[in-house]
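Report on the structure given below.
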Amino acid sequence: MLSWFRRRALDEPAAREAARARAEQRLLGHAWPRALLDVVSRLAGERSPAYLVGGTIRDAVLGRPAEPAFDLATELEPEEVTRRFARVEPTGIKHGTVLIVEGELLVECTTFRREGAYPDARHPERVFFTHDPLEDLARRDLTVNALALDPIGRRLLDPHGGALDLERRLLRAVGDPVLRFQEDALRPLRVARFAATLEMDPEEGTRRALASVGERATWVALERVREELVKMMRAPKPSRGFELLREAGLLGLWMPELQRCYGVPQNRYHAYDVYEHSLYTCDAAPPEKPQVRWAALLHDIGKPDTRVERRGEGTFYNHQFVGAELADRLLERMRFPADERAAIVHLVREHMFDFRAEWSDAGLRRWLRRVGIDAVADLFDLRIADVLGNGLRQGFPTYLEEMRRRIECLLRESRALTVRELAVGGRDVMRVLELPPGREVGAVLEALLEEVLDDPSRNRREYLLDRLARLREQRPQAREGEAPGGDAGS
Ligand code: ATP
Ligand code: MG
Numbered sequence: 003m004l005s006w007f008r009r010r011a012l013d014e015p016a017a018r019e020a021a022r023a024r025a026e027q028r029l030l031g032h033a034w035p036r037a038l039l040d041v042v043s044r045l046a047g048e049r050s051p052a053y054l055v056g057g058t059i060r061d062a063v064l065g066r067p068a069e070p071a072f073d074l075a076t077e078l079e080p081e082e083v084t085r086r087f088a089r090v091e092p093t094g095i096k097h098g099t100v101l102i103v104e105g106e107l108l109v110e111c112t113t114f115r116r117e118g119a120y121p122d123a124r125h126p127e128r129v130f131f132t133h134d135p136l137e138d139l140a141r142r143d144l145t146v147n148a149l150a151l152d153p154i155g156r157r158l159l160d161p162h163g164g165a166l167d168l169e170r171r172l173l174r175a176v177g178d179p180v181l182r183f184q185e186d187a188l189r190p191l192r193v194a195r196f197a198a199t200l201e202m203d204p205e206e207g208t209r210r211a212l213a214s215v216g217e218r219a220t221w222v223a224l225e226r227v228r229e230e231l232v233k234m235m236r237a238p239k240p241s242r243g244f245e246l247l248r249e250a251g252l253l254g255l256w257m258p259e260l261q262r263c264y265g266v267p268q269n270r271y272h273a274y275d276v277y278e279h280s281l282y283t284c285d286a287a288p289p290e291k292p293q294v295r296w297a298a299l300l301h302d303i304g305k306p307d308t309r310v311e312r313r314g315e316g317t318f319y320n321h322q323f324v325g326a327e328l329a330d331r332l333l334e335r336m337r338f339p340a341d342e343r344a345a346i347v348h349l350v351r352e353h354m355f356d357f358r359a360e361w362s363d364a365g366l367r368r369w370l371r372r373v374g375i376d377a378v379a380d381l382f383d384l385r386i387a388d389v390l391g392n393g394l395r396q397g398f399p400t401y402l403e404e405m406r407r408r409i410e411c412l413l414r415e416s417r418a419l420t421v422r423e424l425a426v427g428g429r430d431v432m433r434v435l436e437l438p439p440g441r442e443v444g445a446v447l448e449a450l451l452e453e454v455l456d457d458p459s460r461n462r463r464e465y466l467l468d469r470l471a472r473l474r475e476q477r478p479q480a481r482e483g484e485a486p487g488g489d490a491g492s
């Protein structure tokens, strides 16, 4: 009798072919845009048709929404592709990739190629164009990314068993995973990203090989690392990807601040260590709010530096401020755009807000003024994720409902939370106090805002002009350069 392993090995080619045929059926029934099929037929070469490849095929088999750019492969070289279309951008022309723009349609078009050595662990020294689509599929990273559909000739190429791996939800390197990860250190990161976004597992050999890239991973440009992590953040559970990176010893190379949270114990308010809590909080944050997800991942990275043990429990005073600085440096290193970085750091810094029913309206207004109305919804989402991520199943933090109601009331009453919303402006201050433009004008407006925050009914033009007139009366006594009005100049 055949052993289970032998039987399975013999069945494997048949199982692959059956899966290929199922995927082919599905893809041929897919509603490809007419304009895309036109592009495919215009890119047919003499020896080979053009193929839809990469994420375009993978996602269509999985029934996932398409990425904005379709992936296409052809034997035609970039110059010839460029000749055939009105608008073609040379996005990666050295490696044979151009972007075809046909109205709304974006097609990333790559010439079939083999690759030479990878001296820098990221870019092949030379690329060799080929006429053979199978050679092109052999240089691709994962079997699930190495399918090619000729939609005109109605044939799916699947030389590496990608269709079966898609059904089994396995990420398997094409060829020897150790060699494939060593030649391009970005690939382990792509595996982590796909594991999270596609909710698949790396096949055992591929998983073990992730660590083989080692220090070479630091050769990858941090912009590329960020791009992968940003895509990973849209996954149902980004933790799946971060965990793979940590297990492979790669997380600490790119995000040492997060790696340091691993194994840092907390207190009775948490079931998890700081690292696990960060991951679960990130998973619980809304996927459609990437900044909240980043803030969730980083909100406690100040904890390892601030941990003090009191009566057998961890305390972390001011970890939000230390964490905000660490997050700022991490995001800057990853080349995040400045505005995104500032928004994420702000959430990390403010994530410890507290609310009690006995808070005064003035106190709540001052808090709103500091965090900014625009950040409130994100801070609430972060708090909900933070509570869900502590592992104690406490349920929804209901005080947020009360806080939301109080804030809505305050905003209905008055929106004057910044000097711009005051009923008087800089011009009024300069006219009444006979001041030149400058810092003193701003200081006076801040002093008026403080009065309005205590009592919003003061935000009337007559009242504030009257206050200015009274300040003017006091002014002759003020020393040169000193701001008038209370502590506004301090
Ligand atoms: P998505 O576009 O959804 O982010 P993708 O897999 O399509 O994912 P692309 O960057 O568009 O990613 O690449 C298209 C295809 O090119 C991939 O599916 C894969 O076949 C191949 N590829 C991309 N990057 C690599 C790499 N670093 N090593 C090997 N093959 C790669
Ligand atoms: Mg793609």
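Numbered according to our numbering, the sequence shown spans residues 3 to 492.
By construction, the Cβ of each residue, glycine as well, lies at the ideal position given by its N, Cα and C atoms.
As the structure is a computational prediction, the values presented were derived from the model and not from experiment.
Straight-line gap, A485 to L473 (C-alpha atoms, nearest Å): As a position in the sequence shown, residue 485 is number 483, starting the count at 1. As a position in the sequence shown, residue 473 is number 471, starting the count at 1. Since pLDDT at A485 reaches only 46, below the 50 mark, its modelled position is unreliable, and the value read off the structure follows with that caveat. If I take the Cα positions, the gap works out to 10 Å.
Would you kindly work out how many angstroms separate the C-alpha atoms of R89 and E79, rounded to a whole number? Here residue 89 corresponds to residue number 87 of the sequence shown, with the count starting at 1. Here residue 79 corresponds to residue number 77 of the sequence shown, with the count starting at 1. Rounded to the nearest angstrom, the two C-alpha atoms are 16 Å apart.
Output needed for V443: all residues of its chain with C-beta closer than 7 Å, excluding positions within five of it in sequence on either side, in chain order. If you number the sequence shown from 1, residue 443 lands on position 441. So the list reads G428, V431, M432, L437, once near-sequence residues are dropped.
Here's a check: name, in chain order, each residue in its chain whose Cβ is nearer than 8 Å to the Cβ of V232, leaving out the five neighbours to either side. Walking along the sequence shown from the start, residue 232 turns up at place 230. P292.
Can you say whether V222 is buried or exposed, counting buried as having 16 or more other CB atoms within 10 angstroms of its CB? Along the sequence shown, one-based indexing puts residue 222 at 220. Looking at its Cβ environment, which holds 16 or more other Cβ atoms inside 10 Å, V222 is buried.
DSSP on G488, reduced to helix/strand/coil? The residue you call residue 488 lines up with position 486 of the sequence shown. Low confidence applies to G488: its pLDDT is 39, below 50, so where it sits in the model is not reliable, and the reading given next is rough at best. It is coil, neither helix nor strand.
Which term fits T493, buried or exposed, when burial requires 16 or more other beta carbons within 10 angstroms of its beta carbon? The structure shown does not extend to residue 493, since the chain is modelled only from 3 to 492, so the question has no answer here.
Need the endpoints of the beta strand (DSSP E) that P92 sits in, please. Here the question's residue 92 lines up with position 90 in the sequence shown. Here the beta strand (DSSP E) through P92 covers 90-94.
For E453, which residues from the same chain have a beta carbon less than 6 Å from its beta carbon, with the 5 sequence-adjacent residues on both sides left out? Residue 453 sits at position 451 when you count from the first residue of the sequence shown. Closer than 6 Å at Cβ, skipping near neighbours: R460.
According to DSSP, is V310 helix, strand or coil? For the purposes of this step, residue 310 is identified with residue 308 of the sequence shown, where counting begins at 1. V310 falls in the strand class under three-state DSSP.
Please classify D489 as buried or exposed, where buried requires at least 16 neighbouring CB atoms within 10 angstroms. Within the sequence shown, the letter at position 487 stands for residue 489. The predicted model places D489 with a pLDDT of 38, which falls under 50 and marks its position as unreliable, so this point remains unresolved.
Under 8 Å, with one C-beta from each stretch per pair, do the stretch 98-105 and the stretch 53-65 reach the 3-pair mark? no
Helix, strand or coil for C411, going by three-state DSSP, please let me know. What you label residue 411 is simply residue 409 of the sequence shown in a count that begins at 1. Helix, per DSSP.
Please name the residue or residues paired with C111 in a DSSP beta bridge. Here the question's residue 111 lines up with position 109 in the sequence shown. Note: C111 sits in a beta bridge opposite L74, V100.
CA-to-CA distance, R331 to F318, given in whole angstroms: Locating residue 318 in the sequence shown gives position 316, where the first residue counts as 1. Locating residue 331 in the sequence shown gives position 329, where the first residue counts as 1. If I take the Cα positions, the gap works out to 20 Å.
Residues passing the C-beta test against the ligand MG heavy atoms, cut-off 7 Å: G56, G57, T58, E69, A71, D73, E110
Option nearest R248 by Cα separation, candidates R228, R209, E311, H125: Position 246 of the sequence shown, counted from the start, is the residue given in the question as residue 248. Among R228, R209, E311, H125, the Cα nearest to that of R248 belongs to R209.
I think V176 touches A211, with their Cβ atoms under 8 Å apart; what is that distance to the nearest whole Å? Residue numbering aside, residue 176 sits at position 174 when the sequence shown is read from its first letter. Residue numbering aside, residue 211 sits at position 209 when the sequence shown is read from its first letter. Not a contact, Cβ separation roughly 12 Å.
Just to confirm my understanding: we take A165, look at its own chain, exclude 5 residues before and 5 after, and list those with CB closer than 6 Å. What are they? Position 163 of the sequence shown, counted from the start, is the residue given in the question as residue 165. Cβ within range, chain order: A21, R22, A25.
Roughly how many angstroms separate the alpha carbons of Y465 and A344, rounded to a whole number? Numbered from its first residue, the sequence shown carries residue 465 at position 463. Numbered from its first residue, the sequence shown carries residue 344 at position 342. Roughly 36 Å separates the two Cα atoms.
Is the beta carbon of L173 closer than 8 Å to that of V146? Walking along the sequence shown from the start, residue 146 turns up at place 144. Walking along the sequence shown from the start, residue 173 turns up at place 171. Result yes, Cβ atoms of V146 and L173 sit closer than 8 Å.
Residue environment, L39, which counts as buried when at least 16 other CB atoms sit within 10 Å: Along the sequence shown, one-based indexing puts residue 39 at 37. Exposed is the call here.
Cα-Cα separation between F357 and Y401, rounded to whole angstroms: Along the sequence shown, one-based indexing puts residue 357 at 355. Along the sequence shown, one-based indexing puts residue 401 at 399. Answer to the nearest angstrom: the Cα atoms are 7 Å apart.
Ends of the beta strand (DSSP E) at E352? For the purposes of this step, residue 352 is taken as residue 350 along the sequence shown, with counting starting at 1. Not the beta strand (DSSP E): E352 falls in the alpha helix (DSSP H), residues 340-352.
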